[in-house]
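*Asks:*
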Amino acid sequence: MADRTKKEPERDAGVLVIGLGRFGSAIAVTLDRLGQDVLAVEHDETKVAQYSGRLPLVQADATNPEALEQLGARDFGMAVVGIGSSLEASVLVTANLVDLGTPQIWAKAVTAEHGRILQRIGAHHVVYPESDAGARVAHLVSGKMLDYIQVEDDFVIVKMRPPMEMQGFTLAQSDVRRRYGVTVIGVKSSGREFVYATPETRVAASDFIVVSGHEDVLERFSSRP
69 MADRTKKEPE
79 RDAGVLVIGL
89 GRFGSAIAVT
99 LDRLGQDVLA
109 VEHDETKVAQ
119 YSGRLPLVQA
129 DATNPEALEQ
139 LGARDFGMAV
149 VGIGSSLEAS
159 VLVTANLVDL
169 GTPQIWAKAV
179 TAEHGRILQR
189 IGAHHVVYPE
199 SDAGARVAHL
209 VSGKMLDYIQ
219 VEDDFVIVKM
229 RPPMEMQGFT
239 LAQSDVRRRY
249 GVTVIGVKSS
259 GREFVYATPE
269 TRVAASDFIV
279 VSGHEDVLER
289 FSSRP
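So the sequence shown is numbered by this note's numbering: it starts at 69 and just counts up by one.
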């Protein structure tokens, strides 16, 4: 009779990054710099030579499930598939990781169709770095926003200069939440640390404000003089 008390080996908290293009290499280098346990996997000899000595790195063809087994992919708790140039390779690698039972799979997609395929075969998170970057830059160049983060659906957080009607007044006095439907999260003054906003927080013309709200509302608010 089989031993029912036998448990599967616990997976490591490390991150497996497959593909060292711009997206994958940025993730791997950043994780390594942050002290995370990361292993990069790349098939191309040129890229392997480029990052050799800079990252924990193995040269392997991750479209081959046996290669993933040999490098210990089963032991990682998270994997990032950074392949975007080849739809076939991206799908094969993601499918291999799904078959290995990887708990968290992040996969790069270059089109909506690519993303739908990755989701259908089992990727837990699909990201669109080019599309997301393009949309973010469009918001920045179209108004007075200095930074833009889409949190969920149409809810966003932006960094911007305060409109004139806020300058020199406290948040209670300017009352932008009631008047415009936006919430000021915090204020950053030159030479001072970021402070979370309270009704008594006074805003200067030289300050940066961090504001949250719905996308269309913040677009209108950020365009105020």
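Built from N, CA and C at the ideal position, the CB exists for glycine as well. In this text, all values refer to a predicted model and were calculated from it rather than measured experimentally.
1) In chain order, what residues of the same chain lie with their CB nearer than 7 Å to the CB of alanine 265, ignoring the 5 residues before and after it?
2) If we count the other Cβ atoms within 10 Å of its Cβ and call it buried at 16 or more, is alanine 130 buried or exposed?
3) What runs of the alpha helix (DSSP H), each 4 residues or longer, lie entirely inside the segment 131-158?
4) Taking the continuous beta strand (DSSP E) assigned at lysine 115, which residues delimit it?
5) Check the Cβ-Cβ distances between glycine 103 and every residue of chain C, and say whether any is below 9 Å.
6) Pull up the DSSP beta-bridge partners for valine 279, would you.
7) Give every residue of the same chain whose Cβ lies closer than 7 Å to the Cβ of leucine 155, excluding the five residues on either side of it in the sequence, and list them in chain order.
8) Rounding to the nearest angstrom, what Cα-Cα distance links leucine 125 and glutamine 187 in this structure?
9) Have a look at threonine 162 and alanine 135 and give me their C-alpha separation to the nearest angstrom.
10) Taking the alpha carbon of histidine 310 as the reference point, which residue from Ser242, Ile225 and Arg247 has its own alpha carbon closest?
11) Which residue's Cα is closest to the Cα of isoleucine 217: Thr98, Val279 and Ser93?
12) Out of curiosity, what's the CA-to-CA distance linking alanine 273 and leucine 107?
13) Do leucine 286 and methionine 232 come within 9 Å of each other at the CB atom, strictly closer than that value?
14) Give the range of the alpha helix (DSSP H) segment to which glutamine 187 is assigned.
15) Where do the ends of the alpha helix (DSSP H) carrying glutamine 241 lie?
16) Can you give the Cα-Cα distance for proline 197 and serine 158, rounded to whole angstroms?
*Replies:* Taking the coordinates as given:
1) Leu239, Val252, Ile253, Gly254 and Val255
2) buried
3) 133-138
4) No beta strand (DSSP E) contains lysine 115, which is instead part of the alpha helix (DSSP H) from 113-119.
5) In the structure shown, chain C cannot be found, because there is only a single protein chain.
6) Val226 and Val252
7) His182
8) 27 Å
9) 14 Å
10) Nothing about residue 310 can be read from this structure; the chain reaches only from 69 to 293.
11) Val279
12) 47 Å
13) no
14) 180-189
15) 239-242
16) 15 Å
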